[in-house]
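Protein chains: 4
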Amino acid sequence: MSIRKMIALHPGARPSPPLADAAHHLMYCAKMCLSCADSCMAEGHGAEHGDMTQCVRLCSDCSDICEATARLATRRTGDDQPMLRELLELCARMCEACAAECERHDHEHCKLCAQMCRECAADCRNAAASLAG
Amino acid sequence: MSIRKMIALHPGARPSPPLADAAHHLMYCAKMCLSCADSCMAEGHGAEHGDMTQCVRLCSDCSDICEATARLATRRTGDDQPMLRELLELCARMCEACAAECERHDHEHCKLCAQMCRECAADCRNAAASLAG
Amino acid sequence: MSIRKMIALHPGARPSPPLADAAHHLMYCAKMCLSCADSCMAEGHGAEHGDMTQCVRLCSDCSDICEATARLATRRTGDDQPMLRELLELCARMCEACAAECERHDHEHCKLCAQMCRECAADCRNAAASLAG
Amino acid sequence: MSIRKMIALHPGARPSPPLADAAHHLMYCAKMCLSCADSCMAEGHGAEHGDMTQCVRLCSDCSDICEATARLATRRTGDDQPMLRELLELCARMCEACAAECERHDHEHCKLCAQMCRECAADCRNAAASLAG
């Protein structure tokens, strides 16, 4: 199963390959961040790992923004490219802020989440650039 | 029942009144736009009202962005103000684009949706300004 | 502004008044529970208030289910009444479980959330009954 | 990247393998249905393919229910198993109703969506059974 293939079956204009890639990774990143926020909340707040409050916040916010961006990136009916481009760029900044916070902690879920966020940020920037021309 | 009152009961810092107002109206605008997109889809595509495709798209996108913005605006745990301010400003532009499209149609649901979007855009700008200082 | 009025402007069949009421309260309850989960997470876990972990979980789950139910209850295009009725009944049970947990804590946000959940559960049951005939 | 691996990194109890599989496929199905609804809306309504209105409705509703179910299935903090089991069973019925509608149309996106929905329904039933004991 592939979101990229599904989007390409829309009767309207084909998405740029970078946009289809971004739609796919945004879907993943939204759920990775949701899971990381849930895991961070359950970690102890001891000296070893530091306070996880800010990590819960950024992962939760990043999940919501990735989800909204994934939904706009998936739609092919009508045209909302200028807003989608702005949102992809904002989402890239959100993913980078979330990754920077996750990289401050040594939990395995934070490391995995940071890696996903870095990849997603790069995909969002590529997709935004593909819409520019 | 009031979302403003609920947010103010958080044990952390109180939200600025403009931010609490925005959280409230974003919640409404997300559902008004969802309903308008659903209504536009069901309208005939005759010469009288014009093609509703673009209106469905912008109302759907506006609903998703308002929903995400409402969620960030509601959270008080941790601090994500710079990203929230950016998102409020982007959301104001999205609401204005949606309002401009809805104002091109004479359906009662489009008129009501446009009015809600204009108010929500103003609230988002006020809330963003309240975070700036 | 009123969600009930907006839904009634759909060109298709009018919603039953109990269904329009439920759509309105579900929208509120989704955000009240999101805010309560966020507040519970920020409360201390001392002997005075007890562990808030389960309250965070139920408020988060209740928020997600109310949001999905609100979306289905708002749509008027096509017909999905049997599924909507099932979901309204499940959502009523979720709201009651969330209320019962919130009622175990003496935070003001928990009291307000419990009250909202009790009202929303009653609205969901009324709306489900209005679809039955 | 894997949602299953991420969920397993939670400091609390491990999810059953069927629940982790369901969380993964629910995430996909939510976006496949969102994309199919968007594609159906853009199809012509000619005699060849039939009216797509009901397909838009069921795909939209299925997307929302899969999204909510994915979120509950991903959370590991606290315990909400009875409600999760009920929701997985309801979601399986929703996926089957959506698949049955999509199977009435010969669009490639409908065929792919129906296949995804059938797989997701089976995963939801397996996950619900894994929670029962």
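Protein chains in written order, with the numbering used here: chain Y, 48 to 180; chain V, 48 to 180; chain W, 48 to 180; chain D, 48 to 180. For glycine and all other residues, C-beta sits at the position ideal for the given N, C-alpha and C.
Neighbour flag for residue i against chain Y, beta carbons, 7 Å
{"i": "Gln101(V)", "result": "yes"}
{"i": "Ile112(V)", "result": "yes"}
{"i": "Arg61(V)", "result": "no"}
{"i": "Ala89(D)", "result": "yes"}
{"i": "Ser86(D)", "result": "yes"}
{"i": "Arg122(D)", "result": "yes"}
{"i": "Met74(D)", "result": "yes"}
{"i": "Leu137(V)", "result": "yes"}
{"i": "Asp98(V)", "result": "no"}
{"i": "Ala55(W)", "result": "no"}
Option nearest residue i by Cα separation, candidates the options
{"i": "Asp98(W)", "options": "Ala176(W), Met163(W), His156(W) and Glu148(W)", "result": "Glu148(W)"}
{"i": "Thr143(D)", "options": "Ala168(D), Pro65(D), Ile112(D) and Gln101(D)", "result": "Residue identity check: residue 143(D) is Glu in the sequence provided, not Thr. Nearest option by C-alpha distance: Ala168(D)."}
{"i": "Met88(V)", "options": "Leu119(Y), Pro64(Y) and Gly125(Y)", "result": "Gly125(Y)"}
{"i": "Leu159(D)", "options": "Ala84(D), Ala60(D) and Ser63(D)", "result": "Ala84(D)"}
{"i": "Ala175(Y)", "options": "Pro129(Y), Lys78(Y), Leu56(Y) and Gln162(Y)", "result": "Pro129(Y)"}
{"i": "Leu131(W)", "options": "Cys80(W), Ser177(W), Met163(W) and Glu166(W)", "result": "Ser177(W)"}
{"i": "Gln162(Y)", "options": "Glu136(Y), Cys106(Y) and Pro64(Y)", "result": "Cys106(Y)"}
{"i": "Leu56(W)", "options": "His156(V), Leu134(V) and Asn173(V)", "result": "His156(V)"}
{"i": "His72(V)", "options": "Leu66(W), Ser49(W) and Pro65(W)", "result": "Ser49(W)"}
{"i": "Ala67(V)", "options": "Leu135(V), His154(V), Arg165(V) and Met79(V)", "result": "Leu135(V)"}
{"i": "Ala60(V)", "options": "His154(W), Cys80(W), Ser86(W) and Glu166(W)", "result": "Ser86(W)"}
Residue-level contact to chain V via CB, residue i, 7 Å cutoff
{"i": "Arg104(Y)", "result": "yes"}
{"i": "Leu66(Y)", "result": "no"}
{"i": "His156(W)", "result": "yes"}
{"i": "Met79(Y)", "result": "no"}
{"i": "His152(W)", "result": "no"}
{"i": "Ala115(Y)", "result": "yes"}
{"i": "Leu159(W)", "result": "yes"}
{"i": "Asp127(Y)", "result": "yes"}
Whether residue i touches residue j by CB criterion (7 Å)
{"i": "Ser82(W)", "j": "Met74(V)", "result": "no"}
{"i": "Arg151(D)", "j": "Asp127(W)", "result": "no"}
{"i": "Pro62(D)", "j": "Glu90(Y)", "result": "no"}
{"i": "Asp111(W)", "j": "Arg140(D)", "result": "no"}
{"i": "Ala115(D)", "j": "Ala69(D)", "result": "no"}
{"i": "Ala241(D)", "j": "Cys113(D)", "result": "The structure shown has nothing for residue 241(D), since chain D only spans 48 to 180."}
{"i": "Asn173(W)", "j": "Pro64(W)", "result": "no"}
Contact belief for residue i with residue j at Cβ below 8 Å, rounded distance in angstroms
{"i": "Asp108(D)", "j": "Arg122(W)", "result": "7 Å"}
{"i": "Cys138(Y)", "j": "Cys171(Y)", "result": "5 Å"}
Any C-beta of chain D under 7 Å from that of residue i
{"i": "Met33(Y)", "result": "An answer regarding residue 33(Y) cannot be provided, because it is not within the stretch 48 to 180 covered by chain Y."}
{"i": "Met141(Y)", "result": "no"}
{"i": "Leu134(Y)", "result": "no"}
{"i": "Leu178(Y)", "result": "no"}
Proximity test, Cβ basis, 7 Å: residue i and chain W
{"i": "Leu119(D)", "result": "yes"}
{"i": "Asp108(D)", "result": "yes"}
{"i": "Lys82(V)", "result": "For the sequence presented, residue 82(V) should be read as Ser rather than Lys. Ser82(V) counts as touching chain W."}
CB contact check: residue i to chain B, cutoff 7 Å
{"i": "Ile54(W)", "result": "Although the question refers to chain B, the structure presented lacks it and instead comprises the protein chains Y, V, W and D."}
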